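Here the structure is laid out as structure tokens; the discussion comes afterwards.
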Amino acid sequence: MTKFSIALHGGAGTIRKASLTEDAAAGYHAALRDALEAGAAVLRADGTALDAVTAAVMALEDAPLFNAGRGAVFNSDGVQEMDAAIMDGRDRRAGAVAGIFGPRNPILAARAVMERSAHVMMIGEGALKLAREAGLTFADPDHFFTEARWKALQDTLRMRATGAEDDDPARRHGTVGAVARDRAGNLAAATSTGGMTAKTPGRVGDTPIIGSGTFADNATCAVSGTGHGEVFIRFAAAHEIAARIRHAGQSLADAADWVVMQDLAKNDGSGGLVAVDAQGRVALPFNCEGMYRAAIEHEGPAMTRIHDA
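In the numbering used here, the protein residues as written are 256 to 564.
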């Protein structure tokens with residue numbers, strides 16, 4: 256048995272540092288700590304990495320501050336469509352859902368796909384039917400509505416109509432995710448998102464695409480990404496980190512930095528990720544102004560950050 260590690264993110268492309276009040280920052284830090292503790296408590300009790308990342312992401316989905324679950328953004332039709340994925344590093348089992356609305360915790364719907372079906376990804380009504388059969392809790396639309404996300408949609412549509420839409424990543428995208436290594440040495444990753452504000456209905460980003468926004472393999476690493484999903488998909492970002500570790504012998508830090516700062520940053524891929532390797536080392540790189548993030552490495556002290564490295 257070895258020491259556990261866990262890392263999570265509440266999305267890259269944060270509120271700009273100059274605009275973040277002390278009270279707002281305190282709220283984000285508290286929510287990150289709560290989610291980190293939800294996952295760490297599982298690991299502290301010798302639970303699995305899979306259960307730990309599930310618990311951490313559920314806590315983030317229940318927090319209206321982040322773009323997942325309760326705080327999901329709206330598409331251009333004013334509808335919330337949610338994606339999620341989970342992966343077990345022990346055997347690369349994975350489950351994902353896309354374009355769903357209703358389950359209080361989309362990550363549990365993704366896990367249901369992994370554990371209760373012969374598939375990896377399910378969408379729409381089929382995914383919802385499986386979630387109901389699994390006994391998952393469904394929430395009313397009011398649970399998922401937040402005034403801040405609705406305002407962001409209206410602002411985006413207004414800017415789009417005048418041709419003045421900006422590239423503020425805090426409004427464009429956001430995701431939550433977690434990675435963990437348990438005391439038995441097993442890795443897992445989980446990611447959940449509402450997508451991009453004012454996205455085209457039916458758009459699916461990198462979150463539920465295994466190897467793009469979510470990946471876990473005991474031999475290399477577990478990764479959960481956040482950012483411009485189309486670029487993460489094109490560069491198979493999460494798997495690329497694992498491949499660099501496996502085939503090029505790179506460290507987690509070097510592999511993760513290369514993907515975020517070279518592959519993604521140089522191709523309009525604003526964002527970041529959290530990752531943990533087979534030895535429990537954690538990496539938290541990002542190429543934008545900030546990323547909501549928290550981690551415990553090798554059972555050391557808990558940390559939360561928003562902007563500065």
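Backbone N, C-alpha and C define an ideal beta-carbon position, used for all residues, glycine too.
Source: prediction; values computed, not measured.
The beta carbon of VAL529 sits closer than 8 Å to those of ALA262, LEU263, HIS264, GLY432, ALA433, VAL434, VAL478, SER479, VAL537, ALA538, LEU539, ARG548 and ALA550, all from its chain and outside the five residues before and after it, given in chain order.
Inter-residue distance for ILE464 and ALA340 is about 8 Å (C-alpha atoms, whole angstroms). According to DSSP, VAL514 shares a beta bridge with no other residue. Going by DSSP, MET369 is part of the alpha helix (DSSP H) stretching over 361-371. Judged by DSSP in its simplified three-state form, VAL529 adopts strand. For VAL486, the enclosing alpha helix (DSSP H) stretches over residues 484-489. Following the DSSP letters along the chain, one finds LEU442 inside the beta strand (DSSP E) bounded by residues 442-448. Sixteen is the threshold: since fewer than 16 other Cβ atoms of the shown chains lie within 10 Å of the Cβ of PHE393, the residue is exposed.
If you draw a straight line from the Cα of ALA498 to the Cα of ASP397, it comes to about 43 Å.
Taken atom to atom, the span from the alpha-carbon of GLY524 to that of ASN542 is near 8 Å. Inter-residue distance for LEU291 and ALA557 is about 8 Å (C-alpha atoms, whole angstroms). As the crow flies, the alpha-carbon of ALA503 is around 22 Å from that of GLY527. Under DSSP, the beta-bridge partners assigned to ILE465 are THR469. DSSP places THR559 in the uninterrupted beta strand (DSSP E) bounded by 558-560.
Between GLY484 and THR462 a beta carbon distance of about 7 Å is seen, short of the 8 Å cut, so the two are scored as contacting.
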